[in-house]
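Structure first, then comments.
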Amino acid sequence: MSATQLVPTSDDAGTSELVKGATLFGDLPHTVLEALAGISRRRFYSRGEPVFALGQFDGAEFYFVASGRLKAAIADSNGSMLFEDVAAGQFFALAEAVASVENSRAHKATLTAEEDSEVLSVDSAAFLEIVAQRPSLTRKLMQHFALALATGVIQSAPSETTPERRVFAVLMRYVERDTANGDWRIPRMPKHRELAEASGVDEPAAAAAIALLIQEGVAKRDYPGLIISDMNRFGKLAA
10 MSATQLVPTS
20 DDAGTSELVK
30 GATLFGDLPH
40 TVLEALAGIS
50 RRRFYSRGEP
60 VFALGQFDGA
70 EFYFVASGRL
80 KAAIADSNGS
90 MLFEDVAAGQ
100 FFALAEAVAS
110 VENSRAHKAT
120 LTAEEDSEVL
130 SVDSAAFLEI
140 VAQRPSLTRK
150 LMQHFALALA
160 TGVIQSAPSE
170 TTPERRVFAV
180 LMRYVERDTA
190 NGDWRIPRMP
200 KHRELAEASG
210 VDEPAAAAAI
220 ALLIQEGVAK
230 RDYPGLIISD
240 MNRFGKLAA
């Protein structure tokens with residue numbers, strides 16, 4: 010599966026510069042950088058443009074955000090949607106490529122440009138061939154993942170959810186992207202009784218959870234629904 014290339018380019022020098030701009034690759038030998046540039050493609054996405062839709066990711070590529078910002082919407086085992094930012098300088102699905110994981114979180118994700126973005130897509134199979142031949146790249150990958158573990162970027166599973174978090178997780182199922190202006194919103198809020206039943210809480214707890222979102226500035230009312238003002242924080246609250 011290949012992401013949509015909005016602005017085709019054959020600028021090999023530009024691709025090489027973007028590869029060098031990745032902290033993971035920056036100080037590798039020139040021959041390794043050239044090899045990585047040869048298996049990478051520059052792609053440009055406008056705000057709101059999908060990189061891939063749910064079910065389209067097959068692991069053939071992973072992504073490096075050279076500029077801009079992407080957002081991954083990932084369906085969890087309960088059917089709730091978790092949202093993660095992929096900021097400039099970060100990778101998406103690198104671990105899946107290295108481990109050759111076939112049923113990862115990335116396979117259950119939708120990836121969208123949150124801002125106008127320039128992205129490198131890297132061929133996963135070709136990348137693994139280079140890793141096998143270049144110890145310098147292997148060492149860099151080991152350092153990369155060790156640092157992620159040490160700093161908590163790779164986290165363990167969350168503990169048992171609170172009533173509020175269960176309500177937020179159910180609300181995530183109703184969140185949609187406004188194609189006109191790019192806002193995240195719940196077009197029509199479920200009734201408190203319906204929300205309570207789906208969340209396994211009582212009605213007062215469901216109402217209190219919604220009030221908390223508004224009080225904390227995470228959402229604001231837009232009858233008959235809600236506008237999600239801070240999707241990053243909402244995703245963390247619902248995770």
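Residue numbers (our numbering): 10 to 248. Cβ coordinates follow ideal geometry from the N, Cα and C atoms, glycine included.
Nearest residue (CA-CA) to residue i, options the options
i    : options                   : result
G260 : A31, T121 and A220        : Only positions 10 to 248 of the chain appear in the structure, and residue 260 is not among them; the question remains open.
E105 : V210, Y72 and V184        : Y72
R114 : I83, S126, Q142 and R143  : I83
S49  : E58, T32 and G23          : G23
H116 : R182, G98, E138 and F61   : F61
S55  : D125, L33 and S109        : D125
D231 : L103, E26, E212 and D187  : D187
E173 : E212, M198 and P196       : E212
W193 : G57, F101, A159 and E43   : G57
V176 : E138, D239, V210 and K29  : V210
P144 : T40, K200 and R52         : T40
L221 : R197, R202 and L246       : L246
M151 : A135, V107, Y183 and A189 : V107
M181 : M240, S133 and L146       : M240
A155 : E26, K29, L33 and V28     : L33
Exposure of residue i, with buried meaning 16 or more beta-carbon neighbours within 10 Å
i    : result
Q130 : Contrary to the premise, residue 130 reads as Ser rather than Gln in this sequence. By the 10 Å Cβ count, S130 comes out buried.
K80  : buried
L204 : buried
G64  : exposed
E123 : buried
A228 : buried
L37  : buried
D67  : exposed
K149 : buried
E70  : buried
I236 : exposed
G226 : exposed
L158 : exposed
I223 : exposed
L251 : Nothing about residue 251 can be reported from this structure: the residues present for the chain run from 10 to 248 only.
G98  : exposed
One or two residues paired with residue i in a DSSP bridge
i    : result
I237 : W193 and A228
V128 : R52 and V74
A81  : E93 and L120
R186 : W193
F100 : F73
Distance cut-off 6 Å: residue i Cβ against heavy atoms of the ligand MN
i    : result
F100 : Among the components of this structure there are no ligands whatsoever, and the ligand MN is therefore not found.
If we count Cβ pairs, one from each stretch, closer than 8 Å, do we get three or more for the region 91 to 104 versus the region 36 to 55?
With the rule of 3 Cβ pairs closer than 8 Å, the region 91 to 104 does not count as touching the region 36 to 55.
Go through the region 16 to 70 residue by residue and report every complete run of the alpha helix (DSSP H) that reaches 4 residues or more, in order.
Fully contained in the region 16 to 70 are the following alpha helix (DSSP H) runs of length 4 or more, in chain order: 21 to 30 and 39 to 47.
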